[in-house]
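J.: Before we start, here is the structure in question, set down as structure tokens.
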Amino acid sequence: MTTRTISHIEQSSIEFVGENRVRRALPTRNLKQVDPFLFIDYLLPVKINKGADIRIPPHPHAGFDVVTYLLNGEFFHRDSKGHEQVARAGDVNWMNAGSGIIHSEGPTGAFLEKGGHLELMQVWINLPAKDKFGESSFTHYPATQIPVVDNGDVWLKVIAGTYQGNTSPIRTDTPLFYYHIKIKAGKSFLLPVDPAYTSALYLMRGKLKSLNEEIKEGYLADYHLNGDQISFSAVEDSELILFGGEPIKEKVVSYGPFVMNSFEEIEAAFTNYQMGKMGELEY
């Protein structure tokens, strides 16, 4: 077994999505994607005051999957295909935007009335060219359906993929893995990976070491394709996401809420949206 070395260590940037302050882990100035993962926003734990309205109004997407993993609070999803869902802590909403869909999202009305703590991770995963103009879909996965492996030192939630024989119910368009991990100080973690798969981690809190390289809170570490396992140890109690998969290896052209393979396809997506072909949604 050969342990992978780190290619990039990139600090997440602070961005605003509506009124929401997030850490954007991907893309960065030097790292545009971890194929097929395109985008990662982490909404840190934040106290939402009673009566605040930080909902995100209707907006379109096309050409990729939108994966919302709720860590704390209550979060609604509503879309132009008629799906309406409330997610609670530990739940996952997986939306395949396909040829185009409009959705709105945000804390539920009940949550906003009383206030509370909100925390979530949103990831965009690319679709291969053959699937970018397919039918859009939405599936909700409650926390009770998502496998967790806990040996006392390492807690791991299998959001997508398989770990130690535990397979997520989420069916992905291309082979990939996406784990939420909590690891205690002084403990180590080792993951065998397909030599052809990409791999990276984003450290939500704590401090890690991977082959003598230090990874700090708020940083993303992308690994070279030079081994068949990933290894790291926790300097402090730490929490992270670990992800990667079979690279699609296709040209990525993104503009705003659309991710396609050419500028002509981006223009077509905008036209479809403006002509109402993605449906309509008031809120």
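So for the sequence shown, this note's numbering puts the first residue at 7; every next one is plus one. In this text, a Cβ means the ideal position worked out from N, Cα and C, and glycines have one as well.
(1) For Gly122, which of helix, strand or coil comes out of DSSP?
(2) In whole angstroms, what is the alpha-carbon distance linking Ile62 and Lys138?
(3) Tell me which same chain residues have a C-beta within less than 8 Å of the C-beta of Asp159, skipping the five on either side of it?
(4) In terms of alpha-carbon separation, which member of Val259, Val40, Glu245 lies closest to Trp161?
(5) With a floor of 3 residues, list each beta strand (DSSP E) that falls wholly inside the region 28-104, ordered by position along the chain.
(6) Distance, Cα to Cα, Ile221 vs His230?
(7) Just checking my contact of Arg30 with Ser18 at CB under 8 Å: how many whole Å lie between their CB atoms?
(8) Is there contact here, the region 20-35 with the region 233-245, by at least three beta-carbon pairs under 8 Å?
(9) Check whether the Cβ atoms of Leu32 and Ile46 lie closer than 8 Å to each other.
(10) Going by other Cβ atoms of all chains shown within 10 Å of its Cβ, with 16 needed for buried, is Gln151 buried or exposed?
(11) Quick one: what does DSSP say Thr277 is sitting in, helix, strand or coil?
(12) Check the C-beta distance from Glu111 over to His83 and give it rounded, since I have them as a contact under 8 Å.
(13) What runs of the beta strand (DSSP E), each 3 residues or longer, lie entirely inside the region 140-175?
(14) So, for Pro181: in the same chain, excluding its five sequence neighbours on each side, which residues have a beta-carbon less than 7 Å away from its beta-carbon?
(15) Could you pull out every residue in the same chain whose Cβ sits closer than 7 Å to the Cβ of Tyr169, ignoring the five residues on either side in sequence?
(16) Have a look at Pro134 and Leu49 and give me their C-alpha separation to the nearest angstrom.
(17) Measuring only the C-alpha atoms, how far is Leu287 from Asp59?
(18) Using DSSP with H/G/I as helix, E/B as strand and the rest coil, what is Ile272?
(19) Grab the span of the beta strand (DSSP E) containing Tyr289 for me, first residue to last.
(20) Please classify Glu16: is it buried, with 16 or more other beta-carbons within 10 angstroms of its beta-carbon, or exposed?
(21) With distances taken from CA atoms, which of His146, Met101, Val129, Pro153 is nearest Gly140?
(22) Apart from the five residues on each side of it in sequence, which residues of its chain come closer than 6 Å, Cβ to Cβ, to Lys257?
(23) Per DSSP, which one or two residues make a beta bridge with Tyr185?
(24) For Ala202, name the three-state secondary structure that DSSP assigns.
T.: So, from the listed chains and residues:
(1) strand
(2) 24 Å
(3) Ile189, Lys190, Lys193
(4) Glu245
(5) 43-54, 62-67, 70-78, 80-85, 90-94, 98-102
(6) 15 Å
(7) 6 Å
(8) no
(9) yes
(10) exposed
(11) helix
(12) 5 Å
(13) 143-147, 154-156, 160-166
(14) Gly251, Glu252
(15) Val155, Leu162, Tyr185
(16) 28 Å
(17) 18 Å
(18) helix
(19) Careful: Tyr289 lies outside any beta strand (DSSP E) and carries neither H nor E.
(20) buried
(21) Met101
(22) Asn267
(23) Val164, Leu248
(24) coil
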